[in-house]
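In this text, residue positions in the sequence shown follow the working numbering: the first is 1, and each later residue adds one. This report refers to the structure that appears directly beneath it.
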Amino acid sequence: MRTTILIPLAAAAMLAACKGGDAAPAPPEGPSLETVLPNIPFPPNAEPVASERADKALKLVFASGSPADSVVAYYRTVLAAAPYRLINEGMSGNITSFYVEQDGPSMWVTVQPVDMNNSLVTIAGAQGDPNRKPDPAIPDPVGAQGQPLPPPTSVPLPDKP
């Protein structure tokens with residue numbers, strides 16, 4: 001971790017200590033990190049940038065000192081192994097996104113290039129409703145129970161034999 005991150009953190013801790021008073025600090029809003037993101041696959045050369053909490057969700061943003069294509073390749077490998085189950089990978093413009101399931105809340109990871117040598121990674125998770133009953137019309141996604149994914153199949157395009 002770079003000292004540029006440590007200095008603001010130390011300053012914030014001193015400021016909080018100087019406020020004094022008998023009031024206990026307010027608990028953070030939203031769920032705990034362990035509840036929403038129990039297994040965080042940190043990107044290579046990561047530096048924390050920001051975090052956001054909501055009622056049942058948490059989002060972490062990291063700057064990575066690695067090119068986006070290297071970070072995407074890293075996540076393809078990491079998220080395909082236990083405890084993760086890579087369900088979907090997509091691309092929109094220059095942003096690659098992964099949808100991942102695990103024994104716990106689902107997770108979304110996005111990788112966006114910043115420049116030739118750096119990228120921005122967002123990791124988000126949300127608590128599911130513990131009282132929600134599974135919908136029998138929607139079967140478990142392929143690989144959700146840890147089984148290997150079936151081999152890819154190709155569908156011929158209408159204009160090709």
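Using N, Cα and C, we set each Cβ at its ideal position, and we do this for glycine too. The structure displayed is predicted, hence computed values, not measured ones.
Worksheet item: How about Val114 and Pro43: are their beta carbons less than 8 Å apart?
Response: no
Discussion item. Counting C-beta neighbours from all protein chains within 10 Å, is the total for Thr77 16 or more, i.e. buried, or is it exposed?
Written reply: exposed
Worksheet item: With distances taken from CA atoms, which of Asn117, Gly125, Asn45 and Leu86 is nearest Ser106?
Response: Gly125
Worksheet entry | Outcome for Ser119 when other beta-carbon atoms lying within 10 angstroms are tallied against a minimum of 16 | buried
Discussion item. Threshold first: 3 residues or longer. Then list the beta strand (DSSP E) segments lying entirely within the region 80-124, N to C.
Written reply: 84-92, 95-102 and 104-115
Item to complete: Select from Arg53, Val109, Ser70 and Tyr74 the residue whose C-alpha is nearest the C-alpha of Asn88.
Response: Val109
Discussion item. On the criterion of 16 or more Cβ atoms from any shown chain inside 10 Å, does Ser66 qualify as buried, or is it exposed?
Written reply: buried
Discussion item. If I measure Cβ to Cβ from Val111 and keep anything under 6 Å in the same chain, skipping five residues before and after, which residues do I get?
Written reply: Ala68, Val71, Val72, Thr96, Ser119 and Val121
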